[in-house]
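Student: What follows is a structure written as structure tokens; I'll ask about it next.
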Amino acid sequence: MADNRAETVPFRGGGFKHKPAVAVSMMVFVVLILFWEFGSRTGFISNLVLPAPSEAFTAFLQLIETDMLWKHLGASLQRLVLGWTFGTLLGVGVGLLIGLFSIVRAGLSPLVSALFAIPKIALLPLFIIWFGIGEGSKVATILFGTFFPTVIATYGGVDNVDRSLIRMGQSFGLTWLSIVRKIILPGALPAILSGFRISASIGIILLVAAEMIGAEFGVGAYILLAGSLMATDQLIAGVSILSLMGLTMAWIIGKAENYFLKWRM
Amino acid sequence: MADNRAETVPFRGGGFKHKPAVAVSMMVFVVLILFWEFGSRTGFISNLVLPAPSEAFTAFLQLIETDMLWKHLGASLQRLVLGWTFGTLLGVGVGLLIGLFSIVRAGLSPLVSALFAIPKIALLPLFIIWFGIGEGSKVATILFGTFFPTVIATYGGVDNVDRSLIRMGQSFGLTWLSIVRKIILPGALPAILSGFRISASIGIILLVAAEMIGAEFGVGAYILLAGSLMATDQLIAGVSILSLMGLTMAWIIGKAENYFLKWRM
Amino acid sequence: AAADKIAVGALRFTSHAATFVAYERGYFKAEGLDVEIKFFQAAQPIAVAIASGDVDFGIAPISGGLINLADKGAIKVIGGVLHEEPGIDGQMILASKKAYDAGLTAPAALRGKSFGITQAGSSFHYVAHKIADKEGFARSDIKLRPLQKVGAIIGALKSGQIDSWSIVPHIAKGLAKGPTVEMIGKVSDYIPDYQVTTVFTSAGNAADKKELVKRFLAAFSKGADDFNAALVDKTAGDAAAEEMVKLIHKYVYVSRPYEKAAPSIRNGSMRINKNAKLNLTNVEDQLAWFQSENLVSKTITIDTIVDASFVETY
Amino acid sequence: MDLQLNNITHAYGDMAVLEDINLTIGGGEIVCIVGPSGCGKSTLLRLIGGLERPGSGEVLLLGQPPKSSLNPLTYIFQDFALLPWRTVEGNVSLALEDHPLSKQESQEIINDVLSRTHLSDFKKALPRQLSGGMKQRVAIARALAVRPSVMLMDEPLSALDSQTRELLMEDLIDLWTRESFTAIYVTHNLQEAVRFGHRIVVLSRRPGRVREIVKIERELDDRGGDNAELDEVQHHLWELMRDEARAADRELLNG
Amino acid sequence: MDLQLNNITHAYGDMAVLEDINLTIGGGEIVCIVGPSGCGKSTLLRLIGGLERPGSGEVLLLGQPPKSSLNPLTYIFQDFALLPWRTVEGNVSLALEDHPLSKQESQEIINDVLSRTHLSDFKKALPRQLSGGMKQRVAIARALAVRPSVMLMDEPLSALDSQTRELLMEDLIDLWTRESFTAIYVTHNLQEAVRFGHRIVVLSRRPGRVREIVKIERELDDRGGDNAELDEVQHHLWELMRDEARAADRELLNG
Ligand SMILES: Nc1ncnc2c1ncn2[C@@H]1O[C@H](COP(=O)(O)OP(=O)(O)OP(=O)(O)O)[C@@H](O)[C@H]1O
Ligand SMILES: Nc1ncnc2c1ncn2[C@@H]1O[C@H](COP(=O)(O)OP(=O)(O)OP(=O)(O)O)[C@@H](O)[C@H]1O
Ligand SMILES: [Mg+2]
Ligand SMILES: [Mg+2]
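Protein chains in written order, with my numbering: chain A, 389 to 653; chain B, 389 to 653; chain C, 314 to 627; chain D, 12 to 266; chain E, 12 to 266.
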């Protein structure tokens, strides 16, 4: 070696990696809300355009004080739970049929794709005729909204079950039912659960549409009323309640995933 | 070998495979529509409950004859194209920022998740105040609706770019910009395009909501008017137009995928 | 000087005829106003549009939203438009055939029955409570069904899913002709001086452009006079009436042929207040009702809502 | 129980995959099948196990399988094919659940095969917790549980890293030395083939035909360490296959 | 240009991965690194190439890399790391694009390396159309294009089936015989190690330390066929590693 210079190898990795920064996340939220409050107080953000966060919070407190929160929440939750439960049960059932039987798939899956994309608000007038203006049409709206994504998630899940596992089942002479119960269903479960995530948030979004129809109580009805009264503080409060409902649902489904899918990482 | 019986190996494969059966799909559609038409004609399906398909078709023809179809479609398409284009452009931009910079991610991604799930109909009254009753608020509704899913799809795509490719880029001493342009962007493209699929159908669904705000023309406005007049034939015709728009959008995006992603199978 | 550009919000209803007449017959132009008419699907958004600055003048019923917008300093009521008055067909109270057969033959029997409204805080809501008050039962004894849209209410009434409703005469008459709906009373029996709709503008216009507002009201009133003469008082003769219907048909029921639209236009003609007179007494009553229902803040006063300096009030 | 393949020919659509395969496999024998990529080795194994029906020709079972055999033809797959949601024990039990066995009988079988594959300590582990080698051992235990007459092994070691492969190869030879099962062993790896095979069937490129059958007399447990005879066979096999392997390698896929 | 590793120690969080590694690699030499799974081989290679910073110790470049070298330390990865949306040509060109070369210069380099790796006919092919062996050849071509002083190869053959592995091994030896590049070659496969390595570094289980360095004097191009000396070295290596490999194999992952 004539040249005796020694240099450290230059570092070229780094970047493109995410360091979680919870502090920053919190700060952004806090700063945003403080700025918004400040803007509202100084009149920089007109009250007409956006109420102060404190006003929205006051509206929320008022809901609690007048005991209306539970009435609204109770009514909405009942609709959501009923509609979502039946929608997903039916959806999983139909999804499995489509996933398992070629004939059913040929018949139903184009139909499902065609109906999936139809905006449910557009159908409200028909729902009123079909299911009345009572709880029926509200539950039905949510049921319809959650049914289709669940079907699609379920048969997608069945399709994605590792074919080599099915082949293994066959090679051990398992019965058709065993293969479905022990291989296909658990294999499709992750997809089905992530379908639940989607259908839950669709259900919550549809609450507002569903409660357009003759609902006295319900978070959606509260929001609609606030909108028609231009009571923006109540509007924001109502929307925040929906957001919290969404977070709660996501949390519950996350727990369910942890429980049912502990075999994955 | 004492026992000289020879038996063929029993067949145990088969099943769990899908034979495409386009004929069945077509037939199901045709039979369904014929049955529906028949039911309507015989009065078995009351006209109040559901108009005959032929009536819906007549309503559709009437739209064509009166030249209203193009007016409605034109108005809606303009809103859709504007809202969707800006929504997805902004969405891709913000998604990339979130995907590339930890700080931006920490600040924005919780905000995006929080705002994503808010039903846009609930915000209509605010949108009117913020963006007026003209095209502004309609385009904004669609823009907001398409922005969030695009952000999420984009940064999900960036996150899922094969880290070993990025590492490869670094190992060859590529510049940051080269890595972003030549590795991360094309790698995230499939996810971005499939985000486009979702945002397109969300955009179409939101047309109805957007056109609740004082729209004279537009497919959504047509449907809303039909609903408020309980003109179910027009309602079905309008909803079918939305479906067709959805199919067309999906087809266009499919073409784009074929073009941009021909490197995949 | 160049004409002032203004935008007027309107619905495609006969009750907005004064605007159409003033526009078509050049009364706005004569006042130096370059008017653009912007059409809406419902009254409520007109108020919002004024708040957002998209529209300068509009006509709408007093609603919770309108009061709240006034409270936020966005708009002001400056005159009256539609008004219930004895001798002219006003809003009517309807019952579904099913409820009628079961004994709902008069508004007095509404106790415990369901009543369709678009939204809480709408004029329908006010009417229902006024009936309860006058008939002497608790307001909560009428079960209100918010259905968002007039069309949805009609569907629900026809199919017997709600028992009753109140609505403007031409729609009421049309429905009552069918087999599924019966007429059981008049709103004017319960709210004798009902100021149904009002004309309003932005608070800014009312405070700073008084001249402009006056010119608008003058032109608007001229339109109203023509309309009243032609179709309400019918003092202008058949030809004028025919001509008026034709003028209105340019804006209302445009998708129907003239022969079909004309009767509806004639039936739907209610008096528009002369000189946009405003029944302040009734507006105060409405405000009090909103406040009693907790739909708007109790601290709002009538002056917050109404600028009474432009027209005669009573 | 013997297996006999008569004139097996198979095609997928227009693509001929196997042509005129004849072969007999006797009890206790390990037949290795080698051949270049895509020559139809896996297809052949699927035909033998009845997972697919041959286009023409037949696969015959000569003689009755022993009564005790729950699943005479049992596979071991390259990708292990374990249910990720079941424990080691549960994965083995899967193969038994459709048979009329008492709980205790099942448990005994499971314990027995797990101890034979040195897995007793891992009963409650989930597949994700296991290394590749351990996973394949579970698959072997599962296969042993149904007392197969013939084991059909499709590249059982090729998903493993080479050290694990070495370990598992030793385990398999141990196992065979103790129980001398019958097996058809498909592999790419000539070293494995000469370690395991009593006979080695060399297939040609697609459509696969039998090019040569090499017999190795030396006992399996005597093949470890350096062994010139085996090296020679392996060398011969590689000479046979090199050009075809190279051609297969340089083929463009999907057009 | 030589590479020198001084007292390299590295940990991820609480987990020590490498301990006190010292090593010098001279020009034209191939150093193989073997060791049980998870002992830190890949980590070591990342530290050498500057993709990660060592916890303590240093990696030194002794002497200037030749001017012509565009990327003195160049990797070849186990998973090929080709951009699936670029053709063979495009993938090679990627490595050149950030350097100030004229279009023609680039094109010349590309043509040259493609012909040296026998890929000239596949210029326009996309990765998905190539077999694994061909993909790795493209990666090698890409590495050659930047004229590296040292090639860092992380199990370049272990994603390939054994016949392809054999083919590529022959190609690599050919290449080295012609150009005698310097390389650090990480592998699991002892057979590969004794075929390629001038020196073989044996690491212990995690935390990886240097257990032994074996030197093989025989020339690379003289190592084919059956070769008792190499067999012996391989055997010795396996004896060194067997127990650790077994222990690594039987470790439960993720708790
Ligand atoms: N179900 C199927 N449908 C159509 N073609 C198939 C099917 N299964 C396999 N093939 C094709 O048949 C040929 C032989 O496949 P097979 O898997 O039997 O080869 P192989 O020898 O096992 O290859 P490898 O060494 O890569 O495992 C291949 O070209 C493959 O693409
Ligand atoms: N970025 C990282 N963060 C945390 N731990 C890591 C990281 N990279 C590797 N490890 C851990 O460090 C240890 C050594 O990993 P490394 O990949 O270097 O091993 P290896 O010898 O290459 O293993 P293999 O033979 O499986 O390729 C492993 O336990 C691994 O889980
Ligand atoms: Mg195979
Ligand atoms: Mg490694």
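Note that CB positions come from ideal geometry on N, CA and C, so glycine has one too.
Spatial neighbours of Lys134 (chain E) within its chain, please: C-beta separation below 6 angstroms, excluding the five flanking residues on both sides.
Tutor: Stepping through the fifth sequence from its first residue, residue 134 (chain E) is reached at position 123. Val99 and Glu100.
Student: Locate the alpha helix (DSSP H) running through Glu395 (chain B), then write down its first and last residues.
Tutor: Sequence index remark: in the second sequence, residue 395 (chain B) carries index 7 (1-based). Looking at the DSSP string, Glu395 (chain B) is not in any alpha helix (DSSP H); the run it does join, the beta strand (DSSP E), is Ala394 to Thr396.
Student: How would you label Tyr4 (chain D), buried or exposed, when you count the other beta carbons within 10 angstroms and need 16 or more for buried?
Tutor: No answer is possible for residue 4 (chain D): it lies beyond the span of chain D, which begins at 12 and ends at 266.
Student: Compute the distance between the beta-carbons of Gly615 (chain B) and Pro513 (chain A), then report whether it is under 8 angstroms.
Tutor: Working through the second sequence from its first residue, we reach residue 615 (chain B) at position 227. Working through the first sequence from its first residue, we reach residue 513 (chain A) at position 125. Closer than 8 angstroms, so yes.
Student: Can you list, in chain order, every residue whose CB sits closer than 5 angstroms to a heavy atom of ligand 2?
Tutor: For ligand 2, the residues with a Cβ under 5 angstroms from any of its heavy atoms are, in chain order, E:Tyr23, E:Val28, E:Ser48, E:Gly49, E:Cys50, E:Gly51, E:Lys52, E:Ser53 and E:Thr54.
Student: For Thr20 (chain E), which beta-bridge partners are listed by DSSP?
Tutor: The residue you call residue 20 (chain E) lines up with position 9 of the fifth sequence. Answer by DSSP bridge pairing, in chain order: E:Ser67.
Student: Could you please give the first and the last residue of the uninterrupted beta strand (DSSP E) stretch that includes Glu8 (chain D)?
Tutor: Outside the shown range of chain D (12 to 266) lies residue 8 (chain D), about which nothing can therefore be said.
Student: State the DSSP-derived secondary structure class of Lys78 (chain D), mapped to helix, strand or coil.
Tutor: Reading the fourth sequence from its first residue, position 67 is the one you call residue 78 (chain D). Coil.
Student: Measure from the alpha carbon of Ser464 (chain B) to the alpha carbon of each residue in B:Gly401, B:Ala597, B:Leu496 and B:Phe489, then state which is nearest.
Tutor: One-based indexing of the second sequence puts residue 464 (chain B) at position 76. It is B:Ala597 whose Cα lies nearest to the Cα of Ser464 (chain B).
Student: For Cys43 (chain D), which beta-bridge partners are listed by DSSP?
Tutor: Here residue 43 (chain D) refers to the residue found at position 32 when the fourth sequence is read from its first residue. Answer is D:Tyr196 and D:Ile211.
Student: Using three-state DSSP, classify Val28 (chain D) as helix, strand or coil.
Tutor: Translated into the one-based positions of the fourth sequence, residue 28 (chain D) becomes position 17. DSSP places Val28 (chain D) in strand when its eight states are reduced to three.
Student: Tell me whether His199 (chain D), by its Cβ, gets closer than 7 angstroms to a heavy atom of ligand 1.
Tutor: For this step, residue 199 (chain D) is matched to residue 188 along the fourth sequence. The answer is yes for His199 (chain D).
Student: Alpha helix (DSSP H) containing Glu116 (chain E): first to last residue?
Tutor: In the fifth sequence, residue 116 (chain E) corresponds to position 105, counting from 1. Looking at the DSSP string, the run of the alpha helix (DSSP H) that includes Glu116 (chain E) is Lys114 to Arg127.
Student: Given a cut-off of 8 angstroms, decide if Glu523 (chain A) and Leu581 (chain A) are closer than it, judged by their beta-carbon atoms.
Tutor: Walking along the first sequence from the start, residue 581 (chain A) turns up at place 193. Walking along the first sequence from the start, residue 523 (chain A) turns up at place 135. The Cβ atoms of Leu581 (chain A) and Glu523 (chain A) do not sit closer than 8 angstroms to each other.
Student: In whole angstroms, give me the CA-to-CA distance for His199 (chain D) and His246 (chain D).
Tutor: One-based indexing of the fourth sequence puts residue 199 (chain D) at position 188. One-based indexing of the fourth sequence puts residue 246 (chain D) at position 235. Roughly 14 angstroms between the two C-alpha positions.
Student: Look up His438 (chain C) in the DSSP assignment and say whether it is helix, strand or coil.
Tutor: Mapped onto the third sequence, residue 438 (chain C) falls at position 125. His438 (chain C): helix per DSSP, three-state reduction.
Student: Evaluate Tyr86 (chain E) with the Cβ neighbour count: other Cβ atoms within 10 Å of its Cβ, from every protein chain shown; 16 or more gives buried, anything less gives exposed.
Tutor: Within the fifth sequence, the letter at position 75 stands for residue 86 (chain E). Buried is the call here.
Student: Taking only heavy atoms of ligand 4 into account, decide whether any of them is closer than 7 angstroms to the Cβ of Glu243 (chain E).
Tutor: Your numbering for residue 243 (chain E) matches position 232 in the fifth sequence. Because no heavy atom of ligand 4 lies under 7 angstroms away, the Cβ of Glu243 (chain E) does not count as near it: no.
Student: Note down the Cα distance separating Ala638 (chain B) from Ala588 (chain B), rounded to an integer number of angstroms.
Tutor: Residue mapping note: residue 638 (chain B) aligns to position 250 of the second sequence, counting from 1. Residue mapping note: residue 588 (chain B) aligns to position 200 of the second sequence, counting from 1. Taking the straight line from one Cα to the other gives about 8 angstroms.
Student: Going along chain E, which residues have a C-beta under 7 angstroms from Gly144 (chain D)?
Tutor: For the purposes of this step, residue 144 (chain D) is taken as the residue at position 133 of the fourth sequence. Per Cβ cutoff of 7 angstroms: Asp260.
Student: Compute the Euclidean distance between the alpha carbons of Ala656 (chain A) and Ala440 (chain A), then round it to the nearest angstrom.
Tutor: Outside the displayed span of chain A (389 to 653) sits residue 656 (chain A), for which this structure offers no information.
Student: Nearest to Leu94 (chain E) by alpha carbon, out of E:Leu14, E:Thr188, E:Ala136 and E:Phe207?
Tutor: As a working mapping, residue 94 (chain E) is identified with position 83 in the fifth sequence. Out of E:Leu14, E:Thr188, E:Ala136 and E:Phe207, the CA that lies nearest to the CA of Leu94 (chain E) is found in E:Ala136.
Student: Quick one: what does DSSP say Ala390 (chain A) is sitting in, helix, strand or coil?
Tutor: Within the first sequence, numbered from 1, the residue matching residue 390 (chain A) stands at position 2. Low per-residue confidence applies at Ala390 (chain A): pLDDT is 46, beneath 50, and the placement is therefore not dependable, though the value from the model is reported in the following sentence. Correct three-state label for Ala390 (chain A): coil.
Student: Starting from the C-beta of Gln268 (chain D), find all residues in its chain whose C-beta is less than 8 angstroms away, skip the five residues before and the five after it, and write them out in chain order.
Tutor: Limits of chain D in this structure are 12 at one end and 266 at the other, which puts residue 268 (chain D) out of reach.
Student: Listing by chain order, which chain D residues have their CB less than 7 angstroms from the CB of Glu395 (chain B)?
Tutor: Here residue 395 (chain B) corresponds to residue number 7 of the second sequence, with the count starting at 1. Simply Leu71 and Leu72.
Student: Is DSSP giving Leu163 (chain D) helix, strand or coil here?
Tutor: Within the fourth sequence, residue 163 (chain D) is the residue found at index 152, counting from 1. Correct three-state label for Leu163 (chain D): strand.
Student: Against chain B, with Cβ distances strictly below 8 angstroms, would Met389 (chain A) count as a contact?
Tutor: Taking the first sequence and counting its residues from 1, one reaches residue 389 (chain A) at position 1. Here Met389 (chain A) scores only 42 on pLDDT, less than 50, and its place in the model should not be relied on; the value that follows carries that caveat. Answer no: the Cβ-Cβ gap between Met389 (chain A) and chain B never drops below 8 angstroms.
Student: Which whole-angstrom value describes the C-beta separation of Leu525 (chain C) and Asp317 (chain C), a residue pair presumed to lie in contact below a C-beta threshold of 8 angstroms?
Tutor: As a first step, residue 525 (chain C) is located in the third sequence; it is residue number 212 there, counting from the start. As a first step, residue 317 (chain C) is located in the third sequence; it is residue number 4 there, counting from the start. Correct: roughly 6 angstroms between the Cβ atoms.
Student: Which one of E:Ala256, E:Arg216, E:Met162 and E:Gly235 has the shortest CA to CA distance from Glu40 (chain E)?
Tutor: Your numbering for residue 40 (chain E) matches position 29 in the fifth sequence. Among E:Ala256, E:Arg216, E:Met162 and E:Gly235, the Cα nearest to that of Glu40 (chain E) is on E:Met162.
Student: Is Met414 (chain B) buried or exposed, if buried means 16 or more other CB atoms sit within 10 Å of its CB?
Tutor: Translated into the one-based positions of the second sequence, residue 414 (chain B) becomes position 26. Exposed is the call here.
Student: State yes or no: is the beta carbon of Ile517 (chain A) nearer than 8 angstroms to at least one beta carbon in chain C?
Tutor: If you number the first sequence from 1, residue 517 (chain A) lands on position 129. It does; some Cβ of chain C falls within 8 angstroms.
Student: Pull up the distance between the alpha-carbon of Ala465 (chain C) and that of Ile516 (chain A), whole angstroms please.
Tutor: Position 152 of the third sequence holds residue 465 (chain C). Position 128 of the first sequence holds residue 516 (chain A). The straight-line gap from Cα to Cα measures roughly 8 angstroms.
Student: For Asp165 (chain D), is the beta carbon positioned less than 7 angstroms from some heavy atom of ligand 3?
Tutor: Stepping through the fourth sequence from its first residue, residue 165 (chain D) is reached at position 154. Answer for Asp165 (chain D): yes, Cβ within range of ligand 3.
Student: When the cut-off is 8 angstroms and only beta carbons count, does Glu240 (chain E) lie next to chain A?
Tutor: Position 229 of the fifth sequence, counting from 1, holds the residue named residue 240 (chain E). No, Glu240 (chain E) lies away from the interface with chain A (no Cβ there is under 8 angstroms from its Cβ).
Student: Using only alpha-carbon positions, find the residue among A:Lys650, A:Met633 and A:Gly479 that is nearest to Leu461 (chain A).
Tutor: As a first step, residue 461 (chain A) is located in the first sequence; it is residue number 73 there, counting from the start. Of the candidates A:Lys650, A:Met633 and A:Gly479, the one whose C-alpha sits nearest the C-alpha of Leu461 (chain A) is A:Met633.
Student: Going by alpha carbons, who is nearest to Gly74 (chain D) out of B:Phe474, B:Asp455 and B:Ala394?
Tutor: In the fourth sequence, the residue the question calls residue 74 (chain D) occupies position 63. With distances taken between Cα atoms, Gly74 (chain D) lies closest to B:Ala394.
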